[in-house]
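Residue numbering for the sequence shown follows our numbering, beginning at 89 and increasing consecutively.
Backbone N, C-alpha and C define an ideal beta-carbon position, used for all residues, glycine too.
Following: one structure in structure tokens, then a few remarks.
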Amino acid sequence: MPSLAGAGWSTPVTVSGAGSSTSQVDIAGSTEATSWVVWKRDVGGFDVIQGTRVTPEGTQGPIVTISSPSEDATDPVVASRADGSSLVAWLNLSGVAPAVQTASIAADGTVGPVQTRSAVGPAGQPADNIAIAVGGDGTAGVTWRKFDGANWVIQAVKIAADGTSGTIHDVSDPAVSAAPSDISAAPPTVEGAGYAYRVIWTQGAAATSDVGTRLINPDDTMDTITLLVTGQGGDPFDAQVAHGVDGSTVVAWIRYREDQAIVGPPGMEVAIPYFNWAVEYILASPGAAPIGLVRAATPTVYGTTYDTSALEANGVFDGQPVMAWVHDLNGGGQRVETGRFMSNETFQIWANTQTEALAIEDPSIAANASAQAIAGGTDEGALPGQTTASWTRFSDNSLESTVPSNGFLYSDDPGYAMGDDGRTVAAFNGIDGGNVGSVKIMTFSDPGIQLDPGTFNFGKTDIGIARQGVITIRSTGQTTNEVTGISLSGPDASRYALVSPENCIRKMNPGTVCTIQVNFTPGSTATQTAKVTVTSLAGNVEANLTGSGLNQTRNRISATPRSKAVRKGKVVRIKVTASNRGGVTSNNTRICVNLRKRALKLAGNRCRSLGNLPVGVNRTLNYRVRVTWRAQRGVNLPVTFVMRSNNSVVRQAVVQVRRKGN
């Protein structure tokens, strides 16, 4: 069972080029994991936002300055569509107060002009905490907080496919200060409709704390504010929203949640309240608003504290949302854990990352629709600046953790893009001993291939008669493999044939199979060998073929017509063909006829001798059968021709005769 597998993670490479220290790395990618990586750095005395496009093969395009080269910028974020077109947003710091700016990037990598999306100023009224989302129709949504002099208000704008801004909406209630918001593009549930954008945020404190949400419709109108946990308190934070490919909506947050444990003997039960900082969510069906039962995603078990401290939720191309959170372990320390929403509208705890630390920040996750994902975060370290990025890539049958290293002491800002085929790009900031950062990427590719069986023995087969076998190609890696060729070779390759091998020359997703039919037609009794070679991105594998010829008789008999209806007294003429398809002469060959003698009369002898029937010879015999008056009308009467010889199995052919009319 020969098999090969790919290499896994590549060595970190720098994509930010030479220059000053980098920070604030973010990444987003297409369905093929072709990604935009963005960062902040000082160029000519200004903090600017730069970026480059990278591929899952590890190549990159030119480094471009996305923000204005003569203005200070910070906090870049990027989001990508399935085709690779993207939107980058950041805060411009050169006005009277920080303002939100964006630039669109076409699928071919062309960077559009800088556009200001929020109001600038007045002084003392900054914008902060940007979140963005992009729709498959070319639209986008941007949300941020804006200080109005009294409270932080959530604002948002919908960007049309041509890049123009819609109305700058005050999304939250200006009378209540709001925490940072999130936004997600809602796929249309009606064909031809546009994308809507759902915004979520938390607000208030203690007993008046709540989670708010609002929808920007395709026509840029808004629905009313919906509050999701009114009266429950618990100081929710890290509000997140994501959509499934079917249009379902997930809203989630962390909240100090109260649950009741029912303890005591029957009839004397007592409800004891207990609390956890739990991840909560509402899952709404396609097209429905996220209103209703609030569920806990993380465990709520009396006596077992399960606290969480940070949350991220993301959509998945052609799939359902996934989440990652930081779990505060009871024995001390933290780790990133994950969960996923299923197509049957249920939630499932998924994988725990294997790296634990005293303090982890900024959990992040990316996934594809084939149940593969990557999640991680940043270990804050013992001292400020001594951070370490790490992540775990996993699927339903794999779990592999990585701590990047190669020429840098510290790392932070990890982010990921995962393609439909499982190939993955991880981006992060690598920091050297001089506290100078440079943006690094690592790529993951693990195609695998296996042939089953590794040796196929056809055994002994009649000479000149084709025998069928099957070789199975298995894609055994964690990323898609591509079969590039299938060939036959070896000393007796002419005795073997591949049937439609081109059907398997294609890309194969992990866990899939493709079968190749192989025919063996022996030409002699000697052992005849060959091999099938399959070439692929994962390498070349071979399966050995062997078999030998069997020199024996193989008789065959046929009779026409297969059925016939005649009137009584009439004769049915039947032609019988006997042949030897084997490798040796059929000895003492004879054909006898069996029929109902009262209803049917055979002209001539019932048995006829063919003597010795040589290899490859056909003999034709003609028979006449008369239908008598005793034959019942409409009833099939079989006439069976039986072929026997001294060195072959018995063969037979049957003709159905019936009487019609009077």
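In this structure, Val202 lies away from Gly183, with their beta-carbon atoms at least 7 Å apart.
Counting only residues of its own chain and dropping the five nearest sequence neighbours on each side, Val705 has a CB closer than 8 Å to the CB of Ser667 and Asn668. Beta-bridge partners of Pro726 (DSSP): Gln744.
Put simply, the backbone Cα of Phe134 is about 46 Å away from that of Phe435. Judged by their CB atoms, Thr476 and Asp484 are not nearer to each other than the 7 Å cut-off.
For Thr301, the secondary structure class from DSSP, reduced to helix, strand or coil, is strand. In this structure, the beta-carbon distance from Val259 to Ile271 does not fall below 7 Å.
Beta-bridge analysis with DSSP links Trp124 to Ala116 and Arg141.
For Arg562, the uninterrupted beta strand (DSSP E) run begins and ends at Arg555 to Arg562, by DSSP.
Within the model, the alpha-carbon separation for Ala121 versus Thr617 is close to 44 Å. For Trp240, the uninterrupted beta strand (DSSP E) segment begins and ends at Trp240 to Ile247. In the DSSP assignment, Thr673 is bridged to no other residue. Here Ser173 is buried: its Cβ has 16 or more other Cβ atoms, across all protein chains shown, within 10 Å. Collapsing the DSSP output to three states places Asn607 in a strand. A residue is called buried when at least 16 other Cβ atoms come within 10 angstroms of its Cβ; Leu316 meets this threshold and is buried.
Our two residues, Thr615 and Val703, have alpha carbons roughly 22 Å apart in a direct line. A check of alpha carbon separations from Asn305 across Val329, Val299 and Ala273 identifies Ala273 as the nearest. With a beta-carbon spacing of about 6 Å, Ser577 and Lys619 fall inside the 8 Å limit used to define contacts. In the three-state DSSP reduction, Thr296 falls in the helix class (H, G or I). If you draw a 10 Å sphere on the C-beta of Trp717, you find fewer than 16 other C-beta atoms in it, and that means exposed.
Separation of Arg555 and Asn494 (C-alpha to C-alpha, rounded to the nearest whole angstrom) is 56 Å. Short of 7 Å from the beta carbon of Gln213, and not among the five residues preceding or following it, lie these beta carbons of its own chain, in chain order: Ala185, Lys234, Phe235, Asp236 and Gly237. By the Cβ rule, the region 598-609 counts as touching the region 617-636, because three or more pairs are nearer than 8 Å. With 16 or more other Cβ atoms from the protein chains shown falling within 10 Å of its own Cβ, Asp508 counts as buried. Per DSSP, the continuous beta strand (DSSP E) segment holding Thr634 begins and ends at Gly627 to Leu638. Per the coordinates, the alpha-carbon of Pro598 lies some 28 Å from the alpha-carbon of Gly223.
Assignment of beta-bridge partners to Gln474 by DSSP yields no partner. The C-beta distance from Glu449 to Gly465 rounds to 6 Å, short enough to fall under 8 Å. Judged by beta-carbon spacing, Ala284 lies within the 7 Å limit of Leu303, meaning their Cβ atoms are closer than that value. Put simply, the backbone Cα of Asn569 is about 29 Å away from that of Ala401. Per DSSP, Val660 is one residue of the beta strand (DSSP E) stretching across Val659 to Asn668. Between Thr572 and Pro144, the beta carbon gap of about 18 Å keeps them out of contact (Cβ cut-off 8 Å). Taking Tyr344 as reference, the option from Ser297, Val351 and Gln538 with the minimal CA-CA separation is Ser297. Within the DSSP bridge table, the entry for Thr204 names Gln189 as partners. Less than 7 Å divides the Cβ of Ser104 from the Cβ of Ser526. At a cut-off of 4 residues, not a single continuous stretch assigned as alpha helix (DSSP H) sits fully inside the region 258-295.
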